[in-house]
Amino acid sequence: MNRRFSYFGKKLFQYTLVLFVAISINFGLPRLAPGDPLLYFFDESTIKELTGAQKQEVLDSVGLGGTLWEQYIQYLKGIFTWDFGTSIKYAQPVTEVIADKLLWTVTLILPALLLSAVIGVIIGAYSAWNRGRKRDIGFLTMMLTFQAVPGFWIGMLFIAIFAVQLGWFPTYGAVSIVQDGTTWGFIKDVAWHLVLPIATLSIATVGSNYLLTRSSMLESLGQDYMTMAEAKGVTKKTLIFNHGLRNALLPIYTQFTMSLGTLIGGSVVVETVFSYPGIGRLLYESVVARDFPMMQGVFLMITFGVIAANIFADLTYPLIDPRAKSSAVHKGGQ
Amino acid sequence: MKSMKKFFMLPVLAAGLVLGACSADEKETSDAEAVTDTASVENLTIGLSSDVGPLNIYTGNLDWLTDMVYDKLFSPSPYVDEPTPWLAESATQIDADTWEVVVRDGITWHDGEAFTAEDVKFTYEYYRDGPANRHTHHVSEVPQIDEISIGDDGRTVTFECGYACPSLQTITFADLPILPEHIWSNVENPRKYTDLAIGTGPFKLTEYVADQHYILEANNDYFMGAPTVGKITLPIIADSTAMFNALKSGQIDASSKTVPAELVSTFKGDAQFKLAEATNLSIVQFGLNYQKAPFDNEKFRQAMSLAVDRQAIVDTILLGQGRAGDKGYPHPDSPWTNPELSTPYNTAEAIALFEELGYKDTDGDGFREDINGEALQLSIKVSSGEPIYVRAAELMVEQYKAVGINMFVEALDPTTFAAHNSEKNFDTYVSLIGPHGVADPDQFIMSHRSGYLWAKEMPYAKMDELVTKWMAASTIEERKTISFDMQTLYNEQPTAIALYYPEEVYAYNAEKFDGYVESLGYGVINKFSFLPEATQQAVSATQPVIVE
């Protein structure tokens with residue numbers, strides 16, 4: 142019990158330390174880049190016309206008039222009260238803007254991650270089982286191509302074919318501006334807008350899932366327990382999925398849980414190509430506007446997301462691999 | 182094997198479809214015959230490339246969009262020589278420093294409140310004394326409006342300036358949007374104000390979703406005639422490719438973003454689209470840091486201007502879509518610009534000037550050293566978000582190499598570029614300056630005080646003398662003559678060299694709506710495109726040139 146408590150205590154300390162360092166970096170990083178929020182309010186020639194007092198007045202009006210230290214204290218206080226300040230660009234509380242965009246991002250990224258993982262794992266396992274055959278080489282070539290092709294190009298290609306030429310899907314946005322007013326109509330409309338972005342994101346990420354599964358699976362296939370299972374006469378399907386893939390899943394599971402952390406960050410490229418109002422675009426726009434409170438808020442969300450995904454991976458990994466559980470407790474007790 | 186063939190055929194098929202999508206010839210045009218009236222329409226969708234907030238003048242700003250909701254005392258803009266009375270019924274210059282404006286009666290704000298002379302007084306005082314915005318210096322410095330009062334009739338507003346202000350009617354009154362006092366007098370912090378804009382303009386802002394869209398609905402009681410479009414939806418499409426794909430797919434009817442030269446051909450020959458050419462009164466400029474060597478020397482700046490082949494930039498980089506900047510600065514199409522200005526390309530003269538100044542190639546590496554014999558290498562900073570400017574800068578590096586000046590390109594992210602620019606942290610830069618900077622004569626004076634074209638703390642005897650004369654001039658004609666002399670002086674030793682004048686091309690679906698007119702400096706997407714023909718004529722809006 143003590144060993145386990147000590148293990149979790151140590152982990153808690155580690156994460157708290159990481160969180161504090163990340164929080165401080167989140168504050169410092171936006172301010173290290175050249176430029177400040179004045180550039181959002183005024184163009185380059187007008188900004189030169191401002192007096193020092195006028196510049197100070199602008200910074201005061203958006204809550205950035207204090208010293209760096211005062212701003213840092215304010216920022217730390219805000220974290221504990223869940224008040225990240227007011228966005229300079231949107232003139233709304235940072236939390237409200239993030240909450241609005243986060244919903245769209247999760248709607249886009251989560252299905253794409255799952256789709257990419259499921260397709261990558263299934264084809265990866267199938268490919269490994271057929272190692273060296275034409276179908277394996279075919280899939281390998283296809284996946285390496287997907288891996289090499291930039292996501293934005295896939296998106297542009299999809300738009301040109303399926304939106305412009307065939308007219309099946311919209312070219313931009315998350316939802317039509319004019320709605321029929323029904324919930325079902327809204328859901329259908331959102332899904333219609335999601336098809337191309339999800340397909341783009343899935344294709345852009347499926348390659349890495351496939352390659353990881355294939356290599357992990359190849360390692361599993363060479364193990365003695367596979368020979369043993371085959372000798373026992375289990376079916377091909379059971380052999381691939383129950384004996385091979387189950388053991389090969391460990392690194393894939395780690396990759397998947399870690400990618401959940403990046404989910405919150407959205408995808409700048411796909412969100413830009415499809416004019417999708419998610420966190421990725423929000424972050425980009427905030428960086429361009431030097432919207433310090435918004436940048437801090439989004440960075441913080443991403444930090445929380447990555448740390449939460451790490452904790453989730455740490456906690457759940459022993460469940461799928463009992464060896465990790467005993468090893469962790471053992472190390473924790475040392 | 183069969184499946185493998187299919188697999189490898191996929192990219193070929195995809196490429197074929199993309200080419201097909203880009204081919205204008207394949208578009209069906211049968212719908213065109215069914216459409217008869219394109220001068221008015223109930224709904225129109227125009228793509229917008231950036232979010233400028235809830236049209237609050239104190240945060241984001243896009244002049245043509247602001248103009249859809251707000252009005253000014255005179256219209257259309259300071260970029261024409263004789264603006265038309267708009268919210269003002271008339272304006273009279275009483276003496277060199279005083280103007281009387283009679284405001285129109287019977288106009289209401291979008292929320293139903295009456296528009297009054299008090300709103301005008303409040304607005305000008307708010308711009309002058311309130312939080313700074315881009316209009317502040319047009320009230321507090323050039324010109325300097327000291328007193329504003331309202332006559333006993335309640336409709337006459339008297340403006341008294343600190344020094345002669347003959348351009349008040351033509352420039353200032355045509356530039357500053359009028360705000361409703363009953364709303365803005367209660368706004369505590371305009372930079373955090375998020376309520377939808379209330380104006381007197383032809384369209385009411387009825388919906389704004391950040392980063393997604395705006396909806397403007399016609400103000401059918403508009404005092405200059407009911408708009409010809411009932412509702413304008415403006416989806417925000419930041420990506421340029423996505424914008425033009427949306428236009429081709431029929432999701433939007435026009436793009437407020439102009440068509441890049443390389444995309445013009447994809448719309449040509451397609452019956453449903455028209456390409457309208459317009460002059461946005463902007464200049465792509467090559468700025469020099471006149472506060473540091475070697476650009477603090479007027480002859481060096483002159484040599485730099487002589488050494489740049491502007492026509493080559495237009496031909497090579499813009500594919501001919503623009504005019505070489507050989508008429509200098511400000512924009513030659515502005516009625517306030519001296520038509521005699523000339524900034525020729527002459528490398529022999531440039532070389533002679535560099536030699537005269539002592540910039541010689543002493544080590545034989547093909548590049549000139551500075552007057553102390555030290556290596557001279559100068560950077561051209563440019564925003565990475567503007568690939569055309571990056572390419573122009575790269576071509577200029579070659580052009581300057583031909584006269585022995587060693588330059589290199591530094592592409593920076595847009596905000597870092599803007600920060601370096603505003604902090605004067607550059608040798609040279611390439612950027613765009615819009616009509617407010619290069620077609621508004623008052624701004625030319627302001628730019629020589631602000632640090633943009635010159636800094637007021639730096640001596641500049643010849644220009645200062647002209648500015649003193651300009652400030653004393655009591656008529657607009659006198660001002661114009663003196664301005665012409667200033668422009669001549671400026672272009673002899675420019676601190677921002679005009680590289681080219683972009684010719685903007687707008688693409689729109691003419692089968693949906695074809696009532697677009699050009700308002701100088703605003704292109705074809707401007708409020709007059711959506712107003713009755715008589716109103717368009719009143720502000721001298723012109724039919725755009727259609728690219729065939």
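Protein chains in written order, with this note's numbering: chain A, 142 to 475; chain B, 182 to 729.
Heads up, the beta-carbon is just placed ideally off N, CA and C, and yes, glycines get one too.
Bear in mind the structure is a predicted one, so any value in this text is a computation, not a measurement.
Closer than 7 angstroms to chain B by CB, residue i
i              : result
T324 (chain A) : no
I300 (chain A) : yes
T312 (chain A) : yes
V247 (chain A) : no
P178 (chain A) : no
Y231 (chain A) : yes
P291 (chain A) : no
Q195 (chain A) : yes
I318 (chain A) : yes
E237 (chain A) : no
V439 (chain A) : no
K152 (chain A) : no
Candidates the options, of which the one nearest residue i by Cα
i              : options                        : result
V284 (chain B) : B:Q393, B:G332, B:G702, B:V590 : B:G332
Y671 (chain B) : B:W245, B:P511, B:N242         : B:P511
G566 (chain B) : B:V728, B:S421, B:W267, B:K449 : B:S421
Y394 (chain A) : A:Q155, A:N451, A:T341         : A:N451
S603 (chain B) : B:S631, B:P475, B:V590         : B:S631
G468 (chain B) : B:A679, B:M644, B:Y403, B:L428 : B:A679
N370 (chain B) : A:D277, A:K152, A:T227         : A:T227
F149 (chain A) : A:I461, A:P463, A:L456, A:M399 : A:L456
Residue-level contact to chain A via CB, residue i, 7 angstroms cutoff
i              : result
T447 (chain B) : no
R309 (chain B) : no
N690 (chain B) : no
D376 (chain B) : no
D356 (chain B) : no
T602 (chain B) : Correcting the residue type first, residue 602 (chain B) is Asn in the shown sequence and not Thr. By this cut-off, N602 (chain B) is an interface position.
A719 (chain B) : no
K302 (chain B) : no
H512 (chain B) : no
D212 (chain B) : Residue placement at D212 (chain B) is flagged as unreliable, the pLDDT there being 39, under the threshold of 50; a coordinate-derived value is accordingly withheld.
H319 (chain B) : no
G632 (chain B) : yes
Reduced DSSP secondary structure (H/G/I, E/B, other) of residue i
i              : result
S416 (chain A) : coil
Q274 (chain B) : strand
S357 (chain A) : helix
Q492 (chain B) : helix
L559 (chain B) : strand
H512 (chain B) : coil
Interface partners of residue i on chain A, CB under 7 angstroms
i              : result
D420 (chain B) : T413, V414, S416
S628 (chain B) : S186
A599 (chain B) : G176, L180, E185
Under 8 angstroms from the C-beta of residue i: neighbouring residues of chain B
i              : result
E198 (chain A) : P312, A313
K329 (chain A) : Simply none; closest approach about 17 angstroms.
Interface partners of residue i on chain A, CB under 8 angstroms
i              : result
I614 (chain B) : S186
K429 (chain B) : V305
P416 (chain B) : Y313, G314, I318, S416
Cross-chain neighbours of residue i in chain B, by beta carbon under 9 angstroms
i              : result
V429 (chain A) : G566, D594, P595, T596
Chain-order list of residues whose beta-carbon lies under 8 angstroms from that of residue i (same chain, five-residue window excluded)
i              : result
G236 (chain A) : The question names Gly, yet the displayed sequence has Thr at residue 236 (chain A). Excluding positions up to five away in sequence, the list reads W223, D224, F225, G438.
P725 (chain B) : A457, E458, A459, Y687, Y697, V698, E699, V705
N587 (chain B) : F548, R549, A556, L557, Q558, L559, Y581
Cβ neighbours of residue i in the same chain (closer than 7 angstroms, five flanking residues each side left out)
i              : result
S628 (chain B) : G618, L634
G410 (chain A) : In the sequence on display, residue 410 (chain A) carries Val and not Gly. The answer, listed in chain order, is G292, F293.
I352 (chain B) : P259, D621, P622, D623
I381 (chain A) : A266, W270
7 angstroms Cβ cut-off: residues of chain B touching residue i
i              : result
A332 (chain A) : Near A332 (chain A) there are no residues of chain B at all, since even the closest Cβ is about 17 angstroms away, more than 7 angstroms.
L243 (chain A) : The premise fails here: L243 (chain A) is roughly 13 angstroms from chain B at the closest Cβ pair, so nothing lies under 7 angstroms.
Chain-ordered chain A contacts of residue i [CB-CB under 9 angstroms]
i              : result
Q393 (chain B) : G314, A315, V316, I318, S416, P418
N426 (chain B) : M297, I300, A301, A304, V305, T312, Y313
Q432 (chain B) : A304, P311, T312, Y313, G314
Beta-carbon proximity list for residue i, same chain, < 6 angstroms, skipping 5 on both sides
i              : result
G339 (chain B) : Sequence check: residue 339 (chain B) is Thr here, not Gly. Around T339 (chain B): E281, S330.
Contact test: residue i Cβ vs the ligand MN heavy atom, cutoff 6 angstroms
i              : result
A677 (chain B) : What this structure holds is no ligand at all, so the ligand MN is not there to describe.
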